[in-house]
Amino acid sequence: MAAADSQRKRAMRRLVLDQEELRKSPVTNVSAAPLDSDMFEWHCNIQQDDVIYHLILFMPHNYPFESPSAEFLPKGFAFYGGATMDGKKGTKVCLSIFSDFAEIHTEWKDEKGMGWSPGYSTQTVLMNLVAFLAETAGSFEKSQNSAISKHFKCSDCGHKYSEPFPPLKPTDGLAHQEGIRADDSHQGHAADIPDIIDYISKERFVLRMPKSRDQLYGYGLVVSGPPHRPALTTPCEFLSGESFFNMQTSVGVVHSTLKEELKFFLPMYIHPTHGTAIKDTFENTMLAVGKILPSVDKSTSFEEIVVKTIPNLMAATVVEFSKGTQHTSDNSLNGYFALHRLLLWALDTYPKLQQLVDAKLQDFIARAEGRTKTACPNFGEWLMLLSASEKYNWKMAADTCVEETFRRNVMWYVKDDVKLGYLDTDSAYRLQHTFARTEVSRKVLAFQVLFLDIALPSDKTRAEVVARYDAHYGFPTPEMVSEMKAACDRIKNDVKTYDDWFRILKMEPWTRAKLTEKLVDGVRYSIHTDGYHMTNPHNAGGWTKVLLKYRGQENHGARGGGADRRRQSNQGRWRGDERRSAGMQRSGWSRRN
Numbered sequence: 001m002a003a004a005d006s007q008r009k010r011a012m013r014r015l016v017l018d019q020e021e022l023r024k025s026p027v028t029n030v031s032a033a034p035l036d037s038d039m040f041e042w043h044c045n046i047q048q049d050d051v052i053y054h055l056i057l058f059m060p061h062n063y064p065f066e067s068p069s070a071e072f073l074p075k076g077f078a079f080y081g082g083a084t085m086d087g088k089k090g091t092k093v094c095l096s097i098f099s100d101f102a103e104i105h106t107e108w109k110d111e112k113g114m115g116w117s118p119g120y121s122t123q124t125v126l127m128n129l130v131a132f133l134a135e136t137a138g139s140f141e142k143s144q145n146s147a148i149s150k151h152f153k154c155s156d157c158g159h160k161y162s163e164p165f166p167p168l169k170p171t172d173g174l175a176h177q178e179g180i181r182a183d184d185s186h187q188g189h190a191a192d193i194p195d196i197i198d199y200i201s202k203e204r205f206v207l208r209m210p211k212s213r214d215q216l217y218g219y220g221l222v223v224s225g226p227p228h229r230p231a232l233t234t235p236c237e238f239l240s241g242e243s244f245f246n247m248q249t250s251v252g253v254v255h256s257t258l259k260e261e262l263k264f265f266l267p268m269y270i271h272p273t274h275g276t277a278i279k280d281t282f283e284n285t286m287l288a289v290g291k292i293l294p295s296v297d298k299s300t301s302f303e304e305i306v307v308k309t310i311p312n313l314m315a316a317t318v319v320e321f322s323k324g325t326q327h328t329s330d331n332s333l334n335g336y337f338a339l340h341r342l343l344l345w346a347l348d349t350y351p352k353l354q355q356l357v358d359a360k361l362q363d364f365i366a367r368a369e370g371r372t373k374t375a376c377p378n379f380g381e382w383l384m385l386l387s388a389s390e391k392y393n394w395k396m397a398a399d400t401c402v403e404e405t406f407r408r409n410v411m412w413y414v415k416d417d418v419k420l421g422y423l424d425t426d427s428a429y430r431l432q433h434t435f436a437r438t439e440v441s442r443k444v445l446a447f448q449v450l451f452l453d454i455a456l457p458s459d460k461t462r463a464e465v466v467a468r469y470d471a472h473y474g475f476p477t478p479e480m481v482s483e484m485k486a487a488c489d490r491i492k493n494d495v496k497t498y499d500d501w502f503r504i505l506k507m508e509p510w511t512r513a514k515l516t517e518k519l520v521d522g523v524r525y526s527i528h529t530d531g532y533h534m535t536n537p538h539n540a541g542g543w544t545k546v547l548l549k550y551r552g553q554e555n556h557g558a559r560g561g562g563a564d565r566r567r568q569s570n571q572g573r574w575r576g577d578e579r580r581s582a583g584m585q586r587s588g589w590s591r592r593n
């Protein structure tokens, strides 16, 4: 009973904020208000031409965890092309944002971006209904609906056509965009500090010492992919511990604005006043995440779990940012820096973490064996470790990173273009087509280097970087955002050649001869290294011919130890062929250049 009362109070608190949002940012020709006697029954009007559609929104007591139910009053309104059913007092319409047709449209339940989201509000509902009415009311329906609306009087709220309730006040248009703060007068402590708003409760972050997990603010984490190789990401949307854990208890699942299932709650540092209270929840989350990571067992240290989690999330936000959609880009931009601040806090809190980070960086940079897929399965995750080190930086790792990137790209482009898998392919062809087929990979690496440079600039100490974060609640400064956007434009519009790409990476461009040599080396390595090529004939594409040419019987009909013996006996022949091929490549380029 106490839990139900607490849940009901939270819902009422959220509905008050919905009401305030509608007051400050009204929708044209729309009105909505709860009954004085029942906060969970909202009466609404939507005027289209001479028709006033009166409807009731029945809010669940665990709102916004579950969607409201909508009924148009009185029964009899016609909607062209829209499915309907009778409700308690009126007519329900088929819209994915409501749960009324959930038993019929079961596909809505788990579809990303479809149906109800806890980030929606009463205003979101009304905007969807306005669009629905515009799409489903033909001329005949409007005529019929006009007659019905003019003769209807609501017995619950007293609404009638001549005196609508709630009153309709035509406005100049929608003054609010979903996902942006409803009232710009509530800025942070400074004009360049964005508000932090819980997307579920709509409550603003208040800088104070959290007294419990409920008062912490953080991100939800998404787990996707197969159990043996789970992918951990975050939509980078702030919510409170109260919203996360209460929704989890109430409906069994927590959803992001786009309806991604959130498995874990990761508290963000934000500011020292808030950050001093996150340690227990942070550790519980890390241990819970560790249970789903296949490479984690009882012998895995806590610091190792942190290294496998936060840099991984940072790398994922860079990938999302590089996709370029406005919603994900803005969230990912802020999310990357918030996660970086959290990582810097973890380095101060867990002394062994710094040693582990530097050891992983050293192993990759200093040893060829340390940068293989076996030793370093997630290259993007490793790269983010550079943002956690004062000993190593991108300049020290650049050459080895580019070479390893070349190796890892081969698997994918040889599948689609067999000529790129042959060691004697013309150099001009190799450079042109490899460049084209690695566009996404090159762009992501450029973004990763860019984020590193802006997050941890060479002219600032770590203490200065931390102070800058804390002064802006973990958000990037306007100068950082401006620098980021300018560099992003360069990546998207100005990278036409390898020379352009190297300059973005803050590297001296390689000569065409060196580029060709490194690309051929990458192909050679991929041919003879497990995990760097494809062998399944159903999806290997060009690899089938490439492996047949360079590895012969080893990959076609060989079994057991015989394959090993043939590999050893043919090794000298392969190397000789490769040296001759590489020699022709190099001599060809020396004549051209």
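When you line the sequence shown up against the UniProt record's numbering, it's residues 1 to 593, in that order.
Where is the CB? At the ideal position from N, CA and C, for every residue including glycine.
Treat the numbers as computed from the prediction; the structure is a model and nothing was measured.
request  = Please decide whether R341 counts as near chain B, where near means a Cβ-Cβ distance under 9 Å.
outcome  = The structure shown has no chain B; it contains just one protein chain.
request  = Please confirm whether G335 and T317 have their CB atoms less than 9 Å apart.
outcome  = The residue labelled residue 335 in the question sits at position 335 within the sequence shown. The residue labelled residue 317 in the question sits at position 317 within the sequence shown. Yes. Within cutoff.
query = How is the alpha helix (DSSP H) around L22 delimited, first residue to last?
reply = Reading the sequence shown from its first residue, position 22 is the one you call residue 22. A2 to K24 is the span of the alpha helix (DSSP H), which, as asked, contains L22.
ask   = Can you list, in chain order, the residues of its chain whose CB lies under 6 Å from that of N312, leaving out five sequence neighbours each side?
value = For this step, residue 312 is matched to residue 312 along the sequence shown. Closer than 6 Å at the Cβ level, and outside the excluded window around N312, lie L232 and E381.
message = Quick check on W510: does DSSP put it in helix, strand or coil?
response = Stepping through the sequence shown from its first residue, residue 510 is reached at position 510. Correct three-state label for W510: coil.
request  = Please go through the same chain and pick out, in chain order, the residues whose beta-carbon is closer than 7 Å to the beta-carbon of I180, but skip the five residues on each side of it.
outcome  = Within the sequence shown, residue 180 is the residue found at index 180, counting from 1. Caution is warranted here: a pLDDT of 34 is assigned to I180, below 50, making its placement in the model unreliable, and the coordinate value is therefore given only provisionally. So no residue of the chain qualifies.
Cβ-Cβ separation, M268 to L385 (assumed contact under 8 Å), whole Å = On the sequence shown, residue 385 is found 385 positions in, with the first residue counted as 1. On the sequence shown, residue 268 is found 268 positions in, with the first residue counted as 1. In fact, because the Cβ distance is near 20 Å, the residues do not count as touching under 8 Å.
ask   = Is it a yes or a no for the region 507 to 527 touching the region 418 to 425, going by three-plus beta-carbon pairs under 8 Å?
value = yes
key: Rounded straight-line distance, which links the Cα of N45 to that of N29   = Locating residue 29 in the sequence shown gives position 29, counting from the first residue. Locating residue 45 in the sequence shown gives position 45, counting from the first residue. Answer to the nearest angstrom: the Cα atoms are 8 Å apart.
key: Continuous beta strand (DSSP E) stretch holding Y42: start and end   = In the sequence shown, the residue the question calls residue 42 occupies position 42. In the sequence on display, residue 42 carries Trp and not Tyr. Per DSSP, W42 belongs to the beta strand (DSSP E) from D38 to Q48.
ask   = Whole-angstrom Cβ separation of Y413 and T434, contact assumed at under 8 Å?
value = Counting from 1 along the sequence shown, the entry for residue 413 is found at position 413. Counting from 1 along the sequence shown, the entry for residue 434 is found at position 434. That belief holds up - the Cβ atoms of Y413 and T434 are roughly 6 Å apart, short of 8 Å.
key: Cβ pair S250, N128 closer than 9 Å   = Residue mapping note: residue 250 aligns to position 250 of the sequence shown, counting from 1. Residue mapping note: residue 128 aligns to position 128 of the sequence shown, counting from 1. Going by C-beta atoms, S250 is not nearer than 9 Å to N128.
inquiry  = I need the straight-line Cα distance from E369 to E403, nearest angstrom please.
reply    = On the sequence shown, position 369 is the one that residue 369 refers to. On the sequence shown, position 403 is the one that residue 403 refers to. Each residue's Cα considered, the two are about 13 Å apart.
request  = Label G119 either buried or exposed according to how many other C-beta atoms from any shown protein chain fall within 10 Å of its C-beta, with 16 as the threshold for buried.
outcome  = Working through the sequence shown from its first residue, we reach residue 119 at position 119. Flag for G119 reads buried.
ask   = By the 10 Å Cβ neighbour count, where 16 or more other Cβ atoms means buried, how is H533 classified, buried or exposed?
value = The residue given as residue 533 occupies position 533 in the sequence shown. Buried is the call here.
query = Buried or exposed: M59, going by 16 or more other Cβ atoms within 10 Å of its Cβ?
reply = Translated into the one-based positions of the sequence shown, residue 59 becomes position 59. M59 is buried by the Cβ-count criterion.
task = Consult DSSP for R580 and reduce its assignment to one of helix, strand or coil.
result = Locating residue 580 in the sequence shown gives position 580, where the first residue counts as 1. Only weak support is given to the placement of R580: the predicted model assigns it a pLDDT of 39, under 50, and the value that follows is read from those uncertain coordinates. Helix, per DSSP.
message = For K443 and T405, what's the separation of their Cα atoms in angstroms?
response = Mapped onto the sequence shown, residue 443 falls at position 443. Mapped onto the sequence shown, residue 405 falls at position 405. Taking the straight line from one Cα to the other gives about 12 Å.
ask   = Given that a residue counts as buried once 16 or more other Cβ atoms are within 10 Å of its Cβ, and exposed if not, what is Y429?
value = Numbered from its first residue, the sequence shown carries residue 429 at position 429. That one is exposed.
ask   = Is the closest heavy atom of the ligand GDP to the C-beta of Y429 under 8 Å?
value = What this structure holds is no ligand at all, so the ligand GDP is not there to describe.
ask   = DSSP on V206, reduced to helix/strand/coil?
value = Stepping through the sequence shown from its first residue, residue 206 is reached at position 206. Three-state DSSP puts V206 in coil, outside helix and strand.
ask   = For Y429, does the three-state DSSP call read helix, strand or coil?
value = Translated into the one-based positions of the sequence shown, residue 429 becomes position 429. Residue state, collapsed to three classes: helix.
query = Where do the N-terminal and C-terminal ends of the beta strand (DSSP E) with S31 fall, by residue?
reply = Taking the first residue of the sequence shown as 1, we reach residue 31 at position 31. Looking at the DSSP string, the run of the beta strand (DSSP E) that includes S31 is V30 to L35.
query = Which term fits K395, buried or exposed, when burial requires 16 or more other beta carbons within 10 angstroms of its beta carbon?
reply = The sequence position of residue 395 within the sequence shown is 395, counting from 1. With fewer than 16 Cβ atoms within 10 Å of its Cβ, K395 is classed as exposed.
ask   = Exposed or buried, what is S322 when buried is set at 16 or more other beta-carbons lying within 10 Å of its beta-carbon?
value = Mapped onto the sequence shown, residue 322 falls at position 322. Buried, since its Cβ has 16 or more Cβ neighbours within 10 Å.
query = What does a CB cutoff of less than 6 Å around H159 pick up in its chain, not counting 5 residues either side in sequence?
reply = Along the sequence shown, one-based indexing puts residue 159 at 159. Answer for H159: H54 and F165, listed in chain order.
ask   = For F245, which option in T285, K279 and T273 has the closest C-alpha, if you only look at C-alpha atoms?
value = Counting from one through the sequence shown, the residue named residue 245 turns up at place 245. Ranking T285, K279 and T273 by Cα distance to F245 puts T285 first.
inquiry  = Within 10 Å of its beta-carbon, does A2 have 16 or more other beta-carbons around it, so buried, or fewer, so exposed?
reply    = Along the sequence shown, read from residue 1 onward, the residue named residue 2 stands at position 2. It is exposed - the Cβ of A2 has fewer than 16 other Cβ atoms within 10 Å.
ask   = By how many angstroms is the C-alpha of S212 removed from the C-alpha of V125?
value = For this step, residue 125 is matched to residue 125 along the sequence shown. For this step, residue 212 is matched to residue 212 along the sequence shown. For V125 and S212, the distance between alpha carbons rounds to 33 Å.
ask   = In terms of residue numbering, what span does the beta strand (DSSP E) encompassing G115 cover?
value = Working through the sequence shown from its first residue, we reach residue 115 at position 115. Run containing G115: none; DSSP gives neither H nor E here.
key: Identity of the residues DSSP links to W86 by a beta bridge   = In the sequence shown, counting from the first residue as 1, residue 86 sits at position 86. Reading off the sequence shown, one finds Asp at residue 86, where the question assumed Trp. BP columns for D86 point to T91.
query = So, are the CB atoms of R14 and K279 less than 9 Å apart?
reply = Numbered from 1 along the sequence shown, position 14 holds the residue referred to as residue 14. Numbered from 1 along the sequence shown, position 279 holds the residue referred to as residue 279. No.
inquiry  = Buried or exposed for D198, going by 16 or more other Cβ atoms inside 10 Å?
reply    = Counting from one through the sequence shown, the residue named residue 198 turns up at place 198. The residue in question, D198, is buried, as its Cβ has 16 or more Cβ neighbours within 10 Å.
inquiry  = So the candidates are A134, S6, K88 and V51; which of them puts its Cα closest to the Cα of F152?
reply    = Taking the sequence shown and counting its residues from 1, the one referred to as residue 152 is at position 152. Answer by Cα proximity: V51.
key: Neighbourhood of G290 by C-beta distance below 6 Å, restricted to the same chain and skipping five residues each side   = Sequence index remark: in the sequence shown, residue 290 carries index 290 (1-based). Excluding residues within five positions, the ones whose Cβ falls inside 6 Å are V296 and I305.
message = Using the Cβ count rule (16 or more neighbours within 10 Å means buried), how would you classify Q177?
response = Position 177 of the sequence shown, counting from 1, holds the residue named residue 177. Reliability of the predicted coordinates at Q177 is poor, the pLDDT of 38 falling under 50, and the value obtained from them is presented with this limitation in mind. Exposed: under 16 other Cβ atoms inside 10 Å.
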